[in-house]
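What follows is one structure encoded as structure tokens, with my remarks underneath.
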Amino acid sequence: MNQILQLPHGSIQLPAFLPDGTQGVVRGVDAQDLRACGIQAVQMNAYHLMQKPGSSTIQALGGLHHMAGWNGPIFTDSGGFQVYSLLRQNSKSGSITDKGATFRIEEHKFNLTPEKSVQLQMSYGADVVICFDDCTHVDAPHAEQVQSVQRTVAWARRCKLEFTKLTTQKRLAAHEMPKLVAVVQGGGAPELRRQCAEQLLEIGFDGYGYGGWPLDAEGNLLTEMVGLVRELIPPQFTVHALGVGHPANVAACAAMGYELFDSTMPTRDARHGRLYTFTVDPTQSRLSGDFFRYIYIKDDKHIKRNAPISEFCDCPACQHYTLGYMHHLYKVGDTLYQRLATLHNLRFMMQLMMALRREHTASLV
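In the working numbering, each residue carries its 1-based index in the sequence shown increased by 3.
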């Protein structure tokens, strides 16, 4: 496992969790809040940003960093998964061909190709650009998986050509160069995952990501397939477990050698009343078994609880407020609840990352 990832807007200690600020904002909190939590980098999404606020607006506001007031690294996802989700839910919304994707949102028609995805991400000022990929469901028919791998590799090659052209035109110095990451597809077929990884490695990228939904129909981590992809990528390359955010799954993937994680889960759970708390002191104990549990803040048993969410947490909610007060804020629908709860779950994820880094360092001794 790599320990440091150097990027134009700063270095990241690995493993690292990136909250998803999909539309240019981590909902309910600002850049200063994120920094106070210990967040090192955020992930945004080209598919959503091209729609709202729109590329010309982002450029007029000085790029994503200036617009969002965030001076740390920003990863931008290509939109491959979102296009797949949109068209899977409604085939009338658009189509995917070897050229790229065409889709309709409300009254607007969008075209997204590998070249355009890279152009958008570069124009936004991303530190890490992710290749446009053809995502499939893990249980999709074999023929569909084969086509996905073929397109993903072809699109990755086109992404690299566009990326090389743009970085050359910009005459970027070495420390200004963003990273280009390719995504390994192949569904639930080991031979297709291997084929995709080998072809992407032959093209050559700065890092790689696990592509496709990482969970089975019951919501369990696809451990065998996720582990295989990490094994297929040489250890000198950073590998991103795209979309993995459940604490237990993050810990499991980190043990496999994954170094980067992103998800909307911790912040979405916070807003909907599901808070994370350690069952052991994360600074002292090894994380194994049931190292965390959920607190459902809406439960009536918290009405008069005169204790913090977690005795191990140093977030603003735990330092200054009680479970009873958090329950009250949630019940009356005050926006302060959303901010405090979001900060709590994000701080939990940062404490988890610190514990995983400590365990990795200890394993090297």
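Heads up, the beta-carbon is just placed ideally off N, CA and C, and yes, glycines get one too.
These figures come from a predicted structure and were not determined experimentally.
Please report the residue range of the beta strand (DSSP E) in which residue i lies.
i, result
"residue 279", "277-281"
"residue 296", "295-299"
"residue 133", "131-133"
"residue 213", "210-213"
Compute the Euclidean distance between the alpha carbons of residue i and residue j, then round it to the nearest angstrom.
i, j, result
"residue 23", "residue 201", "29 Å"
"residue 55", "residue 64", "13 Å"
"residue 153", "residue 139", "12 Å"
"residue 123", "residue 245", "20 Å"
"residue 187", "residue 43", "25 Å"
"residue 196", "residue 325", "48 Å"
"residue 99", "residue 61", "26 Å"
"residue 181", "residue 252", "28 Å"
"residue 26", "residue 33", "13 Å"
"residue 83", "residue 250", "24 Å"
"residue 203", "residue 156", "6 Å"
"residue 362", "residue 101", "44 Å"
"residue 337", "residue 216", "33 Å"
"residue 221", "residue 129", "35 Å"
"residue 366", "residue 9", "23 Å"
Are there 16 or more other CB atoms within 10 angstroms of the CB of residue i, so buried, or fewer, so exposed?
i, result
"residue 293", "exposed"
"residue 306", "exposed"
"residue 270", "buried"
"residue 301", "exposed"
"residue 358", "buried"
Does the separation of the CB atoms of residue i and residue j fall below 8 Å?
i, j, result
"residue 255", "residue 224", "yes"
"residue 21", "residue 6", "no"
"residue 350", "residue 40", "yes"
"residue 75", "residue 341", "no"
"residue 164", "residue 127", "no"
"residue 318", "residue 339", "no"
"residue 142", "residue 151", "no"
"residue 229", "residue 162", "no"
"residue 282", "residue 296", "yes"
"residue 348", "residue 272", "yes"
"residue 274", "residue 344", "yes"
"residue 191", "residue 199", "no"
"residue 209", "residue 247", "no"
"residue 37", "residue 28", "no"
"residue 85", "residue 51", "yes"
"residue 78", "residue 131", "yes"
Apart from the five residues on each side of it in sequence, which residues of its chain come closer than 7 Å, Cβ to Cβ, to residue i?
i, result
"residue 80", "46, 48, 49, 133"
"residue 299", "276, 277"
"residue 96", "89, 90, 106, 107"
"residue 240", "210, 211"
In its own chain, which residues sit with a C-beta less than 6 Å from the C-beta of residue i, not counting the 5 before and 5 after it?
i, result
"residue 179", "11"
"residue 125", "169"
"residue 242", "211, 233, 236, 261"
"residue 114", "105"
For the alpha helix (DSSP H) that residue i lies in, which residues bound it at each end?
i, result
"residue 116", "Element bounds for residue 116: n/a, residue is neither H nor E."
"residue 164", "145-173"
"residue 332", "326-335"
"residue 38", "34-40"
"residue 67", "66-71"
If I measure Cβ to Cβ from residue i and keep anything under 8 Å in the same chain, skipping five residues before and after, which residues do I get?
i, result
"residue 207", "163"
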